[in-house]
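Trainee: Residue numbers (our numbering), protein chains in the order written: chain A, 1 to 339; chain B, 340 to 678; chain C, 679 to 1017; chain D, 1018 to 1356.
Number of protein chains: 4
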Amino acid sequence: MLLLLDKNITSDHRRTLDEAIHGAGCTITETPTRQGLLLLIDGDLDHLRQVPLKIFDGVTKVVPLSGAYSLGSLEHQAEPTVVKVGDTHIGGGGFVVIGGPCAVEDESTLREIAIQVKTSGATILRGGAYKPRTSPYSFRGLGLDGLLMLRDIGQETGLATVSEVCDPRHIEACISNLDMLQVGTRNMSNFDLLIEIGKSGHPVLLKRGRSATINDWLNAAEYILAQGNPNVVLCERGVRGFDTATRNTLDLAAIPAVRERSHLPILIDPSHATGKASYVPPMAKAACAAGADGVIIEVHCNPQAALSDAEQALEPSDFRDLCEDLRLLETVRGSRTQS
Amino acid sequence: MLLLLDKNITSDHRRTLDEAIHGAGCTITETPTRQGLLLLIDGDLDHLRQVPLKIFDGVTKVVPLSGAYSLGSLEHQAEPTVVKVGDTHIGGGGFVVIGGPCAVEDESTLREIAIQVKTSGATILRGGAYKPRTSPYSFRGLGLDGLLMLRDIGQETGLATVSEVCDPRHIEACISNLDMLQVGTRNMSNFDLLIEIGKSGHPVLLKRGRSATINDWLNAAEYILAQGNPNVVLCERGVRGFDTATRNTLDLAAIPAVRERSHLPILIDPSHATGKASYVPPMAKAACAAGADGVIIEVHCNPQAALSDAEQALEPSDFRDLCEDLRLLETVRGSRTQS
Amino acid sequence: MLLLLDKNITSDHRRTLDEAIHGAGCTITETPTRQGLLLLIDGDLDHLRQVPLKIFDGVTKVVPLSGAYSLGSLEHQAEPTVVKVGDTHIGGGGFVVIGGPCAVEDESTLREIAIQVKTSGATILRGGAYKPRTSPYSFRGLGLDGLLMLRDIGQETGLATVSEVCDPRHIEACISNLDMLQVGTRNMSNFDLLIEIGKSGHPVLLKRGRSATINDWLNAAEYILAQGNPNVVLCERGVRGFDTATRNTLDLAAIPAVRERSHLPILIDPSHATGKASYVPPMAKAACAAGADGVIIEVHCNPQAALSDAEQALEPSDFRDLCEDLRLLETVRGSRTQS
Amino acid sequence: MLLLLDKNITSDHRRTLDEAIHGAGCTITETPTRQGLLLLIDGDLDHLRQVPLKIFDGVTKVVPLSGAYSLGSLEHQAEPTVVKVGDTHIGGGGFVVIGGPCAVEDESTLREIAIQVKTSGATILRGGAYKPRTSPYSFRGLGLDGLLMLRDIGQETGLATVSEVCDPRHIEACISNLDMLQVGTRNMSNFDLLIEIGKSGHPVLLKRGRSATINDWLNAAEYILAQGNPNVVLCERGVRGFDTATRNTLDLAAIPAVRERSHLPILIDPSHATGKASYVPPMAKAACAAGADGVIIEVHCNPQAALSDAEQALEPSDFRDLCEDLRLLETVRGSRTQS
């Protein structure tokens, strides 16, 4: 937060102001300017924001910075961050497709899906090994075995790999076996996990929390960046809404909103956002046209026609069609259409 | 709502069931089927939906129809509705652009904007004459004078016209002077207004209520359709969300969600949805790629650079660029990319 | 909106500022103060709020008024408004109970319910004659016949009456037959309706819109007050939320939030808020303890035990118990517990 | 999930059904009943819920259990759980008050607050040692030093203690020094943390996630219960809403909603819910009247009058008044008023 003081502020008024700021646990750095003294306030800004500083005598202007001096901001870095995951570059103009099953179930199924994903033109394979589930009685993933399958199939097919990590104690195993870590929507504010990932330096896909504002999300990214890890890719996957027509409300305006604030790449996950396979292609194409850096899509080869309609995963043939459409869209969204 | 009864339902169980249905103010129409008697329940379904009918003895299946037999549903009409507004056809595959100022301010400003809108390739001119405003002390529009300006400028430029109507007592004047009526987000559930518009038969742009589900919205359309007016165009303009980064949360998944349920055309209003000019082009392009039938965009010629950044209206040159981008996107979204 | 200018603002800076304000369609009223010139800005504040006025040179302070000079604000009137409905006073310290059926169905049912409502200690009878419904095919009320039944039963039992009005063309009939009009959640932003009710001077219960902020709601009240009608009672009835465990999310913090901003009385409607009879008594008691001026509760005498569980209306015996509990709570919430 | 099958289901239809269920990764347990075979489906219900099982031939009824056979449900245990924290019993009819500062800052401040909290009649002291913060640059708590201060001051004053734990690696230190652990809103879905707390058997206050449904929340509790730890106390602290008049939207209807589903105690946190000290007393009293098992309130002794208005923490004298009011309310909410 920045405060601009009146040149003629009295020493009494200045003292009152300082007490209010220090009382809120914040620090002050002074910079003289032609219009008066500029104070950069740091520390417990959440707290301080509730103090109506602009009505203090001698305060001329209050400028909330909300992360403006943070590492993720455009003020800190104007050119787009490009994150390298295997041979794929995320950010900086291209459009990346990640595909794969929700969960790693067994090696042959994963191989079959991976081949389809690769053939369609995607370059990164997704698949859950540690699965956070609403109920403790649901299938929670294969754990380390799942990671090893991902690693092996990734090497076989030449796909880079990404999978979710939920527990700081699993990070080491994940890093050894994956090209990219994923932080899921439920753990966006699990700051101890973010800090450990930050220390690792490994590429990470940071999903937006289900009720996180853009500001909350960029601050979560900051937890990773502040540890010296610049390889953060944001991922919008729908926020909590009131309409049950879709599982979540996909907030595509997050694309320009992030672009306006940050140099970090942003992907879209239309599968979890909508919860419905037939809504995935239109939303993936919308993401491309709106200038996203890529999409992450659930794909699986389920032979049971009876089940496929009710799910969010695309069948391989629909995924292949979508990838073709996306390549075409990418060519026309061009430089001017870039948001 | 449909109920399928067990073939062997006892007369006691049937009587209990009938009392529950009639007690909720609903009517029953019976249709015999091979699997048992099928009951079509009509009337106060909101009420009845709270009765756990599926646990009644003798009830085999409960199928909520939520408008399935309504006029707006795909069950009622499979082919897309095409609404003719002046010489423009909305629905059925093309992509329509509507442009113009938020409010009609004066004739020369409106003419200047209209010429720019026309030159850019848009075919319908928007502009508010009756403006609902949060505060009663804000500018509420020019009323009838604004309508007459719209009519005149529309004729001069060869643009069709659309403007909002809020009061059933203004409908007649609006119909005489406009090619299309608009029902705003605040009046989506003003059913007396909808019924009068329904009786008029005039084309209408029905904006989604700020906290309306897809189902609420299609039922609001039904109020108009049920009066014999088939010329309803839906318009998504953002729903209430928790993030202040955008004014509303643009729900682009409404496009496939409406397509799956209804034959009515759907437009997107990225200007009111985001409240920010720089977010309008990416969201308009996303709407096109996702398969919308068009967009409605705020345009005005404000010379004050200082103000332009803070607004949702595009400057004419940005609008022209966007229209070009949209034409390009329309060519590639093609038949297969159609959602 | 108030702006405090620096005493030494240059004429250039002042001119830039004025252009920005006028350019946003707003007017300026100047008041000299010891700290500098104070500008009261009126007009299109929605628009102006997006201009970052506080970074203009020479602007010392920006104070958003959001209705602060409005008739409904505490700045305008410090003492609580008391609205008289029949013999009942709403506001100013007491706790009022309104009861009755969702819809007026027939005279004998209404009479039976009214007698129970009266016996339990409630003083105002509610019942819908014009019913806005999600679907046009649902039961929409008895209209004028329903109003006449309400009037007659009200006179018989000595209860005042309140019922919803949705259409400006029905206001006259409603005023002739009812002690209080109700504006429902769907019509909170039907400003033409509000203005007509404002002109009538009749007591009105203004329900909060389903996605209205406190500020939106107080501004809707202002539409009525600005016409010279001071008899406005606010009613919180739940806002749109994401959890389907209740029909809406009852926002009881609206009670202190309204108290802090306005002198208008506030009632709570736990029946529509929760949609569940068993949740109504705890929420009604919570409203009383939190300092509300009363509650409006759905009551009906439905003999069908099978249906009662699934509804939001209380049976007469539960309503009687609740009224007793509320009287007890009212005695202890006392003067100090008054929020 | 329960499925009731038609007695005469054909073997073909049964096989199709079984494939659909197994294909979704679920297991089937059969129970014969007079109406037909009852199938209890377990496993990946999230997945299965998207399969429209009720339209399968031979399926008579589908009953979603949403945790009905879980340990936290009333089906599993009808009598209320009582959790002992130090000498305080939470649940079963009484009303518990927890008070203390947001964060443990230093020993003398904590002692001063603790004495006030104790004198006012509260029995448990709260205070954050590990503080999850939106920004990584905000004050994040004293860590272990804070825990030790809490332990010491708790022993001095005879108050039990509760503090937040965010990282499974801190659980051991927290258990050694605290009477109760707290899981904050950001970590409600940090399932690895919940499982470790479950294994510990220690009393835990489980706050509701900011966008968690009642069902999500009870399932999070189930992660702890399923490890053999029955000492779970739920805490509603406001959910994400659209109105900035309060920091969050306090969902007091969660009290009856939880009562109807679970035997676990439920507390209310009006401080974090509203973010405003003046709203805390009315909401705390509302919680008591609605039947909650207690409240957790922020209290601190801040001498700076200028700051106090802007914060959510109560001053000691306001806290004392509130505690008196709550004791009075508790006596009248009595047995009948119990929700």
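We put the CB at the ideal spot given by N, CA and C, even for glycine.
If we call anything under 8 angstroms between Cβ atoms a contact, is Gln1244 of chain D one with Ile1192 of chain D?
Mentor: By 1-based counting over the fourth sequence, the position of residue 1244 of chain D is 227. By 1-based counting over the fourth sequence, the position of residue 1192 of chain D is 175. Taking 8 angstroms as the Cβ cut-off, Gln1244 of chain D and Ile1192 of chain D do not qualify as a contacting pair.
Trainee: Please go through the same chain and pick out, in chain order, the residues whose beta-carbon is closer than 6 angstroms to the beta-carbon of Gly832 of chain C, but skip the five residues on each side of it.
Mentor: On the third sequence, residue 832 of chain C is found 154 positions in, with the first residue counted as 1. So the qualifying residues of the chain are Leu803, Thr839.
Trainee: If you follow the alpha helix (DSSP H) that Met827 of chain C is in, where does it begin and where does it stop?
Mentor: Taking the third sequence and counting its residues from 1, one reaches residue 827 of chain C at position 149. From DSSP, the alpha helix (DSSP H) with Met827 of chain C extends over 822-835.
Trainee: With burial defined as no fewer than 16 other Cβ atoms inside 10 Å of the residue's Cβ, what is the status of Thr368 of chain B: buried or exposed?
Mentor: Your numbering for residue 368 of chain B matches position 29 in the second sequence. When all chains shown are included, Thr368 of chain B counts as exposed.
Trainee: How is Arg15 of chain A classed by DSSP in three states: helix, strand or coil?
Mentor: Numbered from 1 along the first sequence, position 15 holds the residue referred to as residue 15 of chain A. Arg15 of chain A falls in the helix class under three-state DSSP.
Trainee: On the CB-based measure, 16 or more other CB atoms within 10 Å of its CB, does Ser349 of chain B come out buried or exposed?
Mentor: Here residue 349 of chain B corresponds to residue number 10 of the second sequence, with the count starting at 1. Reading the sequence as shown, one finds Thr at residue 349 of chain B and not Ser. It is exposed - the Cβ of Thr349 of chain B has fewer than 16 other Cβ atoms within 10 Å.
Trainee: For Gly497 of chain B, count neighbouring Cβ atoms within 10 angstroms of its own Cβ and tell me buried if that reaches 16, exposed if not.
Mentor: Within the second sequence, the letter at position 158 stands for residue 497 of chain B. That one is exposed.
Trainee: Going along the segment 415-449 of chain B in order, which residues come within less than 9 angstroms of chain A, judged by CB to CB distance?
Mentor: Those residues of the segment 415-449 of chain B that come within reach of chain A (Cβ to Cβ, closer than 9 angstroms) do not exist; the list is empty.
Trainee: Below 7 angstroms on C-beta distance, what does Asp1260 of chain D contact in chain C?
Mentor: Position 243 of the fourth sequence, counted from the first residue, corresponds to residue 1260 of chain D. Chain C residues near Asp1260 of chain D: Thr891, Ile892.
Trainee: Counting only C-beta atoms, is Tyr901 of chain C closer than 8 angstroms to chain B at any point?
Mentor: Numbered from 1 along the third sequence, position 223 holds the residue referred to as residue 901 of chain C. Closer than 8 angstroms to some Cβ of chain B, the Cβ of Tyr901 of chain C qualifies, so yes.
Trainee: If you count every other CB in all the chains shown that lies within 10 Å of the CB of Ile55 of chain A, and 16 or more means buried, which is it?
Mentor: Working through the first sequence from its first residue, we reach residue 55 of chain A at position 55. Per the 10 Å Cβ criterion, exposed.
Trainee: Please list the residues of the segment 248-264 of chain A that have a C-beta atom closer than 7 angstroms to any C-beta atom in chain B, keeping them in chain order.
Mentor: Correct list: Thr249, Leu250, Asp251, Leu252, Ala253, Ile255, Pro256, Ala257, Glu260.
Trainee: Are the segment 917-927 of chain C and the segment 767-787 of chain C touching, with three or more C-beta to C-beta distances below 8 angstroms?
Mentor: They do not touch, by the three-pair rule.
Trainee: Of all the CB atoms in chain A, is at least one closer than 8 angstroms to the CB of Ser744 of chain C?
Mentor: As a working note, residue 744 of chain C is residue 66 in the third sequence. Below a pLDDT of 50, predicted positions are generally treated as unreliable, and Ser744 of chain C, at 47, falls in that range; the measurement from the model is reported next regardless. Taking Cβ atoms only, chain A never reaches closer than 8 angstroms to Ser744 of chain C, which makes this a no.
Trainee: What number of angstroms, rounded off, separates the C-alpha of Lys131 of chain A from the C-alpha of Asn1204 of chain D?
Mentor: Looking up residue 131 of chain A in the first sequence gives position 131. Looking up residue 1204 of chain D in the fourth sequence gives position 187. About 16 angstroms.
Trainee: Which bits of chain E does Gly1042 of chain D rub up against, with CB to CB less than 9 angstroms?
Mentor: No chain E appears in the structure shown, which is made up of the protein chains A, B, C and D.
Trainee: Just the Cα atoms here: how many angstroms apart are Cys1183 of chain D and Ala257 of chain A?
Mentor: The sequence position of residue 1183 of chain D within the fourth sequence is 166, counting from 1. The sequence position of residue 257 of chain A within the first sequence is 257, counting from 1. C-alpha separation (whole angstroms): 30 angstroms.
Trainee: Measure from the C-beta of Arg1257 of chain D to each C-beta in chain B and report whether the shortest distance is under 8 angstroms.
Mentor: As a position in the fourth sequence, residue 1257 of chain D is number 240, starting the count at 1. Cβ-Cβ to chain B under 8 angstroms: yes for Arg1257 of chain D.
Trainee: I want to verify the contact list: residues of chain C whose CB lies under 9 angstroms from the CB of Ala565 of chain B, in sequence order.
Mentor: Translated into the one-based positions of the second sequence, residue 565 of chain B becomes position 226. Per Cβ cutoff of 9 angstroms: Pro814, Tyr815.
Trainee: Quick one, which of C:Pro814, C:Asp921, C:Gly876, C:Val917 has its alpha-carbon nearest Gly887 of chain C's?
Mentor: In the third sequence, residue 887 of chain C corresponds to position 209, counting from 1. Answer by Cα proximity: C:Val917.
Trainee: Mapping the DSSP letters down to three states, classify Ile348 of chain B as helix, strand or coil.
Mentor: Position 9 of the second sequence, counted from the start, is the residue given in the question as residue 348 of chain B. Ile348 of chain B falls in the coil class under three-state DSSP.
Trainee: Please confirm if the segment 270-288 of chain A is in contact with the segment 621-629 of chain B, defined as three or more CB-CB distances below 8 angstroms between the two stretches.
Mentor: Judged by Cβ distances under 8 angstroms, the segment 270-288 of chain A makes contact with the segment 621-629 of chain B, as three or more pairs qualify.
Trainee: For Val760 of chain C, I'd like the list of residues in its chain whose CB is within less than 8 angstroms of its CB, leaving aside the five on either flank, ordered along the chain.
Mentor: Position 82 of the third sequence, counted from the start, is the residue given in the question as residue 760 of chain C. Closer than 8 angstroms at Cβ, skipping near neighbours: His767, Ile768, Gly769, Gly770, Pro943.
Trainee: With DSSP as the reference, please indicate the residues paired to Gly294 of chain A in a beta bridge.
Mentor: The residue labelled residue 294 of chain A in the question sits at position 294 within the first sequence. Looking at the DSSP assignment, Gly294 of chain A forms a beta bridge with A:Val96, A:Leu267.
Trainee: In chain order, what residues of the same chain have a beta carbon less than 8 angstroms from the beta carbon of Ile594 of chain B, not counting five sequence neighbours either side?
Mentor: The residue given as residue 594 of chain B occupies position 255 in the second sequence. Result list for Ile594 of chain B: Glu575, Ile605, Ile607, Ala626, Ala629, Gly630, Ala631, Ser678, in chain order.
Trainee: Which two residues bound the contiguous beta strand (DSSP E) that contains Cys1252 of chain D?
Mentor: In the fourth sequence, the residue the question calls residue 1252 of chain D occupies position 235. It spans 1249-1253 - the beta strand (DSSP E) in which Cys1252 of chain D sits, taken as one unbroken run.
Trainee: Which chain A residues sit within Cβ distance under 8 angstroms of Lys885 of chain C?
Mentor: For the purposes of this step, residue 885 of chain C is taken as residue 207 along the third sequence, with counting starting at 1. Those do not exist, as Lys885 of chain C stays about 18 angstroms from chain A at its closest Cβ, beyond 8 angstroms.
Trainee: Let me see if you follow: with CB-CB separation under 8 angstroms, is Ala649 of chain B close to chain A or not?
Mentor: As a working mapping, residue 649 of chain B is identified with position 310 in the second sequence. Residue placement at Ala649 of chain B is poorly supported in this model, since its pLDDT is 41, which falls under 50; the coordinates still yield a value, given next. No, Ala649 of chain B lies away from the interface with chain A (no Cβ there is under 8 angstroms from its Cβ).
Trainee: With distances taken between CB atoms, is the gap from Asn1246 of chain D to Gly1292 of chain D smaller than 8 angstroms?
Mentor: Position 229 of the fourth sequence holds residue 1246 of chain D. Position 275 of the fourth sequence holds residue 1292 of chain D. No, the pair does not count as a contact, with Cβ atoms beyond the cut-off.
Trainee: Is there at least one Cβ from chain D nearer than 8 angstroms to Lys400 of chain B's Cβ?
Mentor: Mapped onto the second sequence, residue 400 of chain B falls at position 61. It does; some Cβ of chain D falls within 8 angstroms.
Trainee: Taking Glu107 of chain A as the reference, give the member of A:Gly86, A:Gly121, A:Val232, A:Ala129 with the closest Cα.
Mentor: Stepping through the first sequence from its first residue, residue 107 of chain A is reached at position 107. Closest by alpha carbon: A:Ala129.
Trainee: Return the Cβ separation of His601 of chain B and Phe242 of chain A in integer angstroms, given the expectation that the two are a contact with Cβ distance under 8 angstroms.
Mentor: Working through the second sequence from its first residue, we reach residue 601 of chain B at position 262. Working through the first sequence from its first residue, we reach residue 242 of chain A at position 242. The sequence given here has Ser at residue 601 of chain B, not His. No, Ser601 of chain B and Phe242 of chain A are not in contact; Cβ-Cβ is about 20 angstroms, not under 8 angstroms.
Trainee: Taking the alpha carbon of Leu826 of chain C as the reference point, which residue from C:Asn686, C:Arg998, C:Leu912, C:Glu783 has its own alpha carbon closest?
Mentor: In the third sequence, counting from the first residue as 1, residue 826 of chain C sits at position 148. Here the closest residue by C-alpha is C:Glu783.
Trainee: Against chain D, with Cβ distances strictly below 8 angstroms, would Met866 of chain C count as a contact?
Mentor: Counting from one through the third sequence, the residue named residue 866 of chain C turns up at place 188. Met866 of chain C does not count as touching chain D.
Trainee: Name, please, each residue of chain B whose Cβ falls closer than 8 angstroms to the Cβ of Gly844 of chain C.
Mentor: Here residue 844 of chain C is taken as the residue at index 166 of the third sequence, counted from 1. According to the sequence as given, residue 844 of chain C is Cys; it is not Gly. Asn529, Phe530, Asp531, listed in chain order.
Trainee: Please classify Asp1162 of chain D as buried or exposed, where buried requires at least 16 neighbouring CB atoms within 10 angstroms.
Mentor: Taking the fourth sequence and counting its residues from 1, one reaches residue 1162 of chain D at position 145. Exposed: under 16 other Cβ atoms inside 10 Å.
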